[in-house]
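The structure appears below as structure tokens.
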Amino acid sequence: MPGGSRRPHCKTRSGCLGCKARRIKCDEVKPSCGTCTRYSSPCTFPARLSTPQNSTSSRSPSLIPHSPQPSFTNPASNTPFNTQHLELLHLYTTTTVYTFTTLPARAQIYQHIVPQLAFRHPFLLSGILALSALHLSHLHPARKDQLHRDAVEYHDVALKGFKQELGSITKENCEALYVFSTFLVVCAWAGSEGKGNLFFSEREGEGAEGEEGGTAEWVNLLRGSRTLARDCYAWVMDGPVRTFIQLYNDQPKFFDLPEEDTARFAALETLWGPESAFTRAEKEALSEALRHLKEIYAMLLHYGATSQKLCTIAMTIAWSTITPDTYISLVSQRCPEALVLLAHYCLLLSKIDNVWWLNGISRHLLRSVCRMIGKVGNARDGGEGKWEAWISWPLQELVLTEFRGEGEEEKYGLMREENRLRVGS
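Here the sequence shown is numbered in our numbering, starting from 1211 and rising by one per residue.
This is the structure we're talking about:
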């Protein structure tokens, strides 16, 4: 105002990463600000480049928490780190972290906070090395065999330490445990190279093709991670890792779908209508699984697979963790109606197929469901060809996706499944 004094602006851009994740003002007290001290969480200030005017104090703040310095040894063999270990850590902080999320803020947590946790919890450090070794093998196929052996070694050591820590969950180790539980899933998927089983474990004695069936497999890893987060929810939500649990990132989750897609989703619910033999609990579980499927599908269409407004990777994977236990049980029992929904989940997985550790998962899962539903569904209902119409949408969509891509072998594999179902073989 004329003649008046302007109100001073107190906003700061130099606060610690923890306060930035919490979206609160940092008092910038070092080595640990007031908020991080109150929550007993690591306090890290972003590194600054030195300037000529500040040459007497040119050293950047350390990313390592203000605590006794760890011993930098190879956690798998208790030997000093060598150049390969440094290569793996460098790959993780500069590249791998950006393949976990589409949100820059979450990538910063993976990049800055998670390594700090790993320096205090060796099992998490071994997990980082295992992940990076798998990623490096994807980037450098000529080194694949050795890097896969290294990844297995690190993973085994990490898993042993993880199980020991699980015996006594505290405020100090809960964040490291939760992060590692999510890494378990990534390692499992990446190590399978798109040929593992997301929902089914191999049953012995089922012939040369090794048909999938029985109990759910990787989905238990996913749901175990969510259970861990629930058990120590208050502690995890006090720290920066809480952003990994906040799926929707304050974004609206209800969007209109194209009329054709709306009709397709509505038709699916008729599979467990009033005349079906399902119990009330089973019908509710199927309907809830379908509702989540429709919501996430609409969000992916609205925001796009690379959106920076919500993490589309986390949203897609989350479907298998937020669906009811009763639905997972129906999948394990090879219930055709549950398998139809699972086939439509491949529509979501195909949206993030370009992520290195998820590549091929949607196609492999859809082929598994096609084989199961052709056998179990038709055998139960006493006829051939009843179920192919119910999974034609995901089959056609993934075939079209392959025609737009480069996966010739996968493309014709899906076409064979589609044709086999049509002729009822």
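C-beta: ideal position from N, C-alpha, C; glycine also.
- The alpha-carbon separation between Arg1501 and His1512 amounts to approximately 17 Å.
- In the displayed model, Trp1603 falls within a helix according to three-state DSSP.
- Fully enclosed alpha helix (DSSP H) runs of no fewer than 4 residues occupy 1535-1542, 1546-1561, 1571-1582, 1588-1591 of the stretch 1525-1599, in order along the chain.
- Distances from the alpha-carbon of Phe1475 to those of Leu1298, Asp1563, Arg1573, Glu1498 put Glu1498 closest.
- Taking every protein chain shown into account, the CB of Gly1371 has 16 or more other CB atoms within 10 angstroms, so this residue is buried.
- Between Ile1532 and Phe1310, the C-beta spacing is not below 8 Å.
- If you ignore the 5 residues before and after Val1565, its C-beta comes within less than 8 Å of the C-beta of Thr1309, Ile1523, all in its own chain and listed in chain order.
- Distance from the Cα of Leu1610 is smallest, within the candidate group Ile1583, Arg1573, Arg1581, for Arg1573.
- Along the stretch 1316-1390, the alpha helix (DSSP H) occurs as fully enclosed runs of 4 or more residues at 1324-1330, 1332-1349, 1354-1376, listed in sequence order.
- For Cys1236, the three-state secondary structure derived from DSSP is coil.
- Contact annotation, Ala1400 with Tyr1364: C-beta distance approximately 13 Å; criterion of less than 8 Å not satisfied.
- Counting only the Cα atoms, Arg1248 lies some 14 Å from Lys1235.
- Shown here for Glu1607: same chain residues with a beta carbon closer than 8 Å to its own, the five before and five after excluded, namely Leu1557, Ser1560 in chain order.
- For the options Asp1360, His1331, Ser1342, Ser1578, the alpha carbon positioned closest to that of Leu1376 is the one of His1331.
- Taking a 10 Å sphere around the C-beta of Thr1245, we find 16 or more other C-beta atoms and assign the residue as buried.
- According to the DSSP assignment, Ile1455 belongs to no alpha helix (DSSP H), since it is labelled neither H nor E.
- Here the alpha carbons of Val1396 and Leu1298 stand approximately 16 Å from one another.
- In the displayed model, Asn1430 falls within a helix according to three-state DSSP.
- By the Cβ-count criterion, Asp1360 is buried, with 16 or more other Cβ atoms from all chains shown falling within 10 Å of its own Cβ.
- Around the C-beta of Ala1444, fewer than 16 other C-beta atoms lie within 10 Å, and the residue is accordingly described as exposed.
- Remark: C-beta atoms of Ile1583 and Ile1571 do not approach each other more closely than 8 Å.
- Secondary structure of Pro1241 (DSSP, three-state): coil.
- Membership of Phe1488 in any alpha helix (DSSP H) is not indicated, and neither H nor E is assigned to it by DSSP.
- DSSP, reduced to helix, strand and coil, places Thr1312 outside both helices and strands of the structure shown, so it counts as coil.
- Spanning the alpha carbons of Pro1468 and Thr1305 requires a straight line of approximately 36 Å.
- The Cβ atoms of Gly1337 and Phe1390 lie closer than 8 Å to each other.
- When rounded, the separation of the alpha-carbon atoms in Trp1597 and Val1451 is 43 Å.
- Distance from the CA of Leu1227 to the CA of Asp1237, rounded to the nearest whole angstrom, comes to 12 Å.
- Put simply, the backbone Cα of Asp1448 is about 10 Å away from that of Cys1442.
- Here Thr1536 is not near Ala1599, since their CB atoms are 8 Å or more apart.
- Taking a 10 Å sphere around the C-beta of Asn1292, we find fewer than 16 other C-beta atoms and assign the residue as exposed.
- In the DSSP assignment, Trp1445 falls within the alpha helix (DSSP H) that extends over 1443-1446.
- Ser1402 carries a helical assignment under DSSP once its states are collapsed to helix, strand and coil.
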